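Q: Residue numbers (the working numbering): -12 to 840.
Note that beta-carbon positions come from the ideal geometry of N, C-alpha and C, so glycine has one too.
Since this is a predicted model, take the numbers as computed values, not measurements.
Handing you this structure, nothing more for now.
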C-alpha cells in the first residue's frame, strides 16, 4: 500500500473549561515561546494554532515584544492562524455571531500576514446545514471536524458537503479525532502499535491514499522530537511517504477524486458525543448571551445608523470590543455551560459587562436623538423602527417616569390610546444623583405602558409628545375576568386550563399552553431522565390569581401557575412532594396574529427540567424551524438513528430533541401552529405538542452511566452546585400563532425579536448630556422592498460610506428584488462589487448589499 502519511502538528486550545481563561493565557505565553523558537529553528515544520486568531491577541497582550517574530512565521506559512476569532459553537449562537467571528478572525490573521482558509472546527458539538454557504462566501472551501459524522451520512470520511442552499465544500471528518496522534511514542515498538491502530481506522475511512495524522491535543506542547518520529515512521512503513503537512495540502489531494455527497446538518453521535441537550444547560447564561446578540444586531447597530444623520459617530470600536468579548464566551464548552462553577461565573460576569456597554449605548443614542429633535418646552417621546422596511399595526412598549400618575400621549397632535401595564412610586433621587445631592424629596411615578402605532417606515424615527395630568394616586384598571379576545382569538381559563378559540377556523383548542416539569438525572452536557421520575403538567398544576387588563388595541390575561413538586431527586426517589413553585404568566392579544406570553419565575428546586408546551393538535411527521440564516425541515422522530444506535454502539443516544433559533412550526394542509421564543434554543415534538425547554437544573459537570448516555462521563465528575440555579430569576418571552399570514415565519420571528422601540426624554437621569451639535428631527427613511427575504444585519460599513445589509431568503422560491436606490453587491468583507438594479436571490441564499447612504 502506497499511503501518504501526512502529519498535521497543532494544539487544541480550550480557553476555559474546568480551568479559567486567565490560567490558559499564562500557559499560552509559555507555549508560544516554545513554538516560535522551534519553528524558527526548523523551517520545514508547519504548526496550526487551532484555527482561532484570539490566541494571537492573548499571547501578544502578555508578550508584545514577540509580535514581529510571530508575524514573520505567519508570513512564511510556518504558523497557521485563523480563520475563526474563537472556536465557536456552530448550533447555539446567532448566525450573525458565526459570520462576525469569521470576519474578525480572518481580519486579525491578515494583520499578521496570512490566514488559514479552512473551516477548522475540531471539537464543536455539531454543524448547521448553512455552514457550507457561510464558509464559501468567506472564500473557505473545506471543513475539518470531529463530531457529528456517521456512516448514515457517508461511508468515507472525505466527502463533498452540500449546504441547504446548494453550496458545496469539501468535508473531512477527523476519523481518529483531532487528538488521535497526540504525543507519538519514541520507542519504535510502541510507536508501531499506536500507528497501526490509527492507520487501521484511516485505511477504512479515508477516500484517497492520504492519511491525516493529527499530532496535537488540548493545550499540548509542540512535539519537539517530531523529526525522530518521522524517521521511525519511514522505517516502519517503507512503502509510504511521510511528511509534515497543512490542511490545504490535504484538500488539494481530494480535488480530482470522486467523493460521496453529504447533505444537511452534521449532528450524528455515533463516533463522538454531540450533546444535543446542552442547549438548555445554564439557561441564565444562554438567555443573557442571546439578549446581547439581539440587542447588538437587531437594535444597536440600526440605531447607530440613525444617529449618523445627526453626525453622531458610528462606534465601530465599541461593536468590535463587545463582539470579541461575546465570541470569547461562544466556544462549545463556554456557551454550552459545561464548565466548572468558577468558569461559568466568569463567563456570566463578562457577559454582564458587555450588557452594561450595550444598554448604555442604546440609551445614549435614544437620548441624543431625542435631545436633537426637542423643541423648547416640549415633553418628547421618540419611537424607532430598527428594520429597513415599513411596519404596520405594531405594538410599542414604553417605560415612563412622570410626576403624576396620569398622562396623555400625542402622535401628530392626536391622542394615543395606551394601556397602563404597571405603575409604582419611586424616589427620583435613586435615579438622578443631583436630586439626592440637593436633599430634595421628589416622588415620581414609574410606569410601563403599551400602545399600537398604525405605521412606521424603515429606520424611521417618529416623534411623539406627552402631557402630565393631575392625578397623584396609583392607577389600577385590572379586573377579575378570566378571558381576553381580539378579532382572531378568544383565550379563556376554564377548568384549570388555558383554552383558545380560533375565530378564523372555528377550532377550539383545550389546554393550548401549559408548563411541564420532570426530573433531570443528567449533567452539564446532557439532559437524561432520572431512573425514578415523576412528570407534572396541567393536570397537576393550579391556575390562580386570574386577572385581566383590557384596552382598545390590547387585552392581557394575568395568572399564577402553581406546582407542588419534589424539591430534588432524593424527594423524587421517595415519591415525596415537599415544595411549591410558581410561574407568573402574562398573556396578551393585540392587533397581531401572535399570542404573546411572558413568564416570570424564581427557581427553588433541584434536579428538575421545565418546558413550555404548545398543544397544536397537529399530527405530522415533519417540523419546520429556523437555523442560521435559513429554514430547515426535519423529521419529528429520528426513526433510523434510534433503531440502530444501541446495536451500532453509538457514543450517545440520538434523541429527537433539536436545536432551533427562534421558532418551531407544525403544519397540515389547512392548519399551522407556530411557537416563537426569545433566547430558548431546544425543542421536542411529541403527538402534536411542541415542547420548548425553559431551563434545567442538575448537580455535576459530568456523570457516568446516564440513561441517554451510557458509559464514561463527559468532562470530569466534579460537583457544580451553581447548576442547580437556586434563586435565579427568569423572564421568558414567548409567542404562538395558529393563523397563516402573508409573512413567512422567519419574517414574523424577526419582527417578534425586533420590536418597535420607544423612549421618553426624562426629567431625571443618571448622567447629564449636552445636545448633539446637529439639532433637528431625523427624517431619513429606508424602505427596502425585500419580498419574502429576512434581514439578518444592518450596519455601517467600516469606511462609513455605505449602509451594509445582509438578508436571506427562507422561502422555497426564487425572490427577485428590485432596488430604487444605489445598491451594490458586497462580499462578506463589505467589499463593493457590481452595482445592482435587480437581483434574483435563490432559496436559502445569503445576500450581502452595500447601499449608498
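From residue 215 to residue 89, what distance separates their C-alpha atoms?
A: The residue given as residue 215 occupies position 228 in the chain shown. The residue given as residue 89 occupies position 102 in the chain shown. Approximately 37 angstroms, taken between the alpha carbons.
Q: What residue range does the alpha helix (DSSP H) around residue 735 cover?
A: Along the chain shown, read from residue 1 onward, the residue named residue 735 stands at position 748. Where residue 735 is concerned, the enclosing alpha helix (DSSP H) stretches over 732 to 740.
Q: Using only CA atoms, which one of 259, 345, 87 and 16 lies nearest to residue 815?
A: Along the chain shown, read from residue 1 onward, the residue named residue 815 stands at position 828. Ranking 259, 345, 87 and 16 by Cα distance to residue 815 puts 87 first.
Q: Whose CA, out of 803, 808 and 836, lies closest to the CA of residue 826?
A: What you label residue 826 is simply residue 839 of the chain shown in a count that begins at 1. Ranking 803, 808 and 836 by Cα distance to residue 826 puts 803 first.
Q: Our contact map puts residue 143 next to residue 193 with C-beta atoms below 8 angstroms; I'd like the distance itself, whole angstroms only.
A: Here residue 143 corresponds to residue number 156 of the chain shown, with the count starting at 1. Here residue 193 corresponds to residue number 206 of the chain shown, with the count starting at 1. Between residue 193 and residue 143 the Cβ distance is about 7 angstroms, and since that is below 8 angstroms, they are a contact.
Q: Tell me, to the nearest whole angstrom, how far the beta carbon of residue 594 is from that of residue 562; I am working on the premise that it is less than 8 angstroms.
A: Residue numbering aside, residue 594 sits at position 607 when the chain shown is read from its first letter. Residue numbering aside, residue 562 sits at position 575 when the chain shown is read from its first letter. Incorrect: roughly 15 angstroms between the Cβ atoms, too far for contact.
Q: Is it the case that the stretch 341 to 359 contacts the stretch 406 to 415, given that we only count it when at least three CB pairs across the two stretches are under 8 angstroms?
A: The stretch 406 to 415, when compared against the stretch 341 to 359, does not touch it at the 8 angstroms Cβ threshold.
Q: Helix or strand or just coil, what does DSSP make of residue 535?
A: Locating residue 535 in the chain shown gives position 548, where the first residue counts as 1. If DSSP states are grouped into helix, strand and coil, residue 535 belongs with the strands.
Q: For the ligand MN, I want to know if residue 797 counts as a neighbour, meaning its beta carbon is within less than 7 angstroms of at least one of the ligand's heavy atoms.
A: The ligand MN is not part of this structure, which contains no ligands at all.
Q: Any idea what DSSP makes of residue 304, helix, strand or coil?
A: Within the chain shown, residue 304 is the residue found at index 317, counting from 1. Correct three-state label for residue 304: helix.
Q: How would you write the range of the beta strand (DSSP E) that residue 545 sits in, first residue to last?
A: The sequence position of residue 545 within the chain shown is 558, counting from 1. 542 to 552 is the extent of the beta strand (DSSP E) around residue 545.
Q: Does the Cβ of residue 754 have 16 or more other Cβ atoms within 10 Å, making it buried, or fewer, making it exposed?
A: As a working mapping, residue 754 is identified with position 767 in the chain shown. Exposed, because fewer than 16 other Cβ atoms sit within 10 Å of the Cβ of residue 754.
Q: For a test of the three-state rule: what should DSSP assign to residue 28, helix, strand or coil?
A: Within the chain shown, the letter at position 41 stands for residue 28. Residue 28 falls in the helix class under three-state DSSP.
Q: Out of 734, 26, 155 and 60, state which residue places its alpha-carbon closest to the alpha-carbon of residue 661.
A: Taking the first residue of the chain shown as position 1, residue 661 is located at position 674. Among 734, 26, 155 and 60, the Cα nearest to that of residue 661 belongs to 734.
Q: Who are the near neighbours of residue 210 in its chain, counting only those whose CB is closer than 8 angstroms to its CB and skipping five residues on each side?
A: Translated into positions along the chain shown, residue 210 becomes position 223. Once the five neighbours on either side are set aside, the close Cβ partners of residue 210 are -4, 170, 171, 202 and 216.
Q: Using a Cβ-Cβ cutoff of less than 6 angstroms, which residues in the same chain neighbour residue 767 once the five nearest sequence positions on both sides are dropped?
A: In the chain shown, counting from the first residue as 1, residue 767 sits at position 780. Result list for residue 767: 296, in chain order.
Q: Pick from 673, 838 and 84: whose alpha carbon is nearest that of residue 73?
A: Counting from 1 along the chain shown, the entry for residue 73 is found at position 86. The shortest Cα separation from residue 73 among 673, 838 and 84 belongs to 84.
Q: Using 8 angstroms as the threshold, is the C-beta distance between residue 395 and residue 301 below it?
A: Mapped onto the chain shown, residue 395 falls at position 408. Mapped onto the chain shown, residue 301 falls at position 314. Contact: no.
Q: Within its chain, find whatever has a CB closer than 6 angstroms to the CB of residue 672; leave out the 5 residues flanking it on each side and keep chain order.
A: Stepping through the chain shown from its first residue, residue 672 is reached at position 685. Correct list, in chain order: 610 and 623.
Q: Closest to residue 165 by C-alpha separation, out of 62, 36, 589 and 27, would be which residue?
A: Residue numbering aside, residue 165 sits at position 178 when the chain shown is read from its first letter. The residue with the shortest Cα to Cα distance from residue 165 is 36.
Q: What is the DSSP secondary structure of residue 522, reduced to helix, strand or coil?
A: Numbered from its first residue, the chain shown carries residue 522 at position 535. Residue 522 falls in the coil class under three-state DSSP.
Q: Closer than 8 angstroms by C-beta to residue 693: which residues in its own chain qualify, once you throw out the five before and the five after it? Chain order, please.
A: Counting from 1 along the chain shown, the entry for residue 693 is found at position 706. Cβ within range, chain order: 508, 509, 510, 513 and 515.
Q: Run through DSSP, which three-state label would residue 321 get?
A: Taking the first residue of the chain shown as 1, we reach residue 321 at position 334. Here residue 321 sits in helix by DSSP.
Q: If you reduce the DSSP assignment to three classes, tell me which class residue 81 lands in.
A: On the chain shown, residue 81 is found 94 positions in, with the first residue counted as 1. Coil at residue 81, not helix or strand.
Q: Tell me whether the stretch 467 to 476 and the stretch 528 to 537 touch, counting them as touching only if at least three CB pairs, one residue from each stretch, are closer than 8 angstroms.
A: Short answer: they touch.
Q: Could you pull out every residue in the same chain whose Cβ sits closer than 8 angstroms to the Cβ of residue 292, ignoring the five residues on either side in sequence?
A: Here residue 292 is taken as the residue at index 305 of the chain shown, counted from 1. Around residue 292: 301, 446, 781, 782, 783 and 790.
Q: DSSP three-state label for residue 192, please.
A: Start at 1 with the first residue of the chain shown, and residue 192 comes out as number 205. Three-state result, residue 192: helix.
Q: Determine the extent of the alpha helix (DSSP H) in which residue 218 is found, giving its start and end residues.
A: What you label residue 218 is simply residue 231 of the chain shown in a count that begins at 1. Note, residue 218: alpha helix (DSSP H), 213 to 223.
Q: Please tell me whether residue 841 and residue 322 are closer than 8 angstroms, where the distance is taken between their beta carbons.
A: Because the chain here runs from -12 to 840, residue 841 falls outside it and cannot be looked at.
Q: Counting beta carbon pairs with one atom in the stretch 252 to 270 and one in the stretch -4 to 16, are three or more of them shorter than 8 angstroms?
A: No, because fewer than three Cβ pairs between the stretch -4 to 16 and the stretch 252 to 270 fall closer than 8 angstroms, the two stretches do not touch.
Q: From 38, 343, 632 and 568, pick the residue whose C-alpha is nearest to that of residue 696; which is it?
A: Here residue 696 refers to the residue found at position 709 when the chain shown is read from its first residue. Minimum Cα distance to residue 696 is reached at 632.
Q: Between the Cα of residue 606 and those of 579, 180 and 656, spot the shortest distance and give me the residue it belongs to.
A: Translated into positions along the chain shown, residue 606 becomes position 619. The option with the nearest alpha carbon to residue 606 is 656.
Q: Return the CA-CA distance between residue 82 and residue 596, expressed in angstroms with no decimal places.
A: Sequence index remark: in the chain shown, residue 82 carries index 95 (1-based). Sequence index remark: in the chain shown, residue 596 carries index 609 (1-based). So the alpha carbons of these two residues sit roughly 27 angstroms apart.
Q: So for residue 263, helix, strand or coil by DSSP?
A: Translated into positions along the chain shown, residue 263 becomes position 276. Three-state result, residue 263: helix.
Q: What residue from 451, 179 and 409 has the CA that sits closest to residue 747's CA?
A: Stepping through the chain shown from its first residue, residue 747 is reached at position 760. Of the listed residues, the one whose Cα sits closest to residue 747 is 451.
Q: Which residue wins for smallest C-alpha separation from residue 311, given the options 337, 324 and 331?
A: For the purposes of this step, residue 311 is identified with residue 324 of the chain shown, where counting begins at 1. The candidate whose alpha carbon is nearest that of residue 311 is 337.
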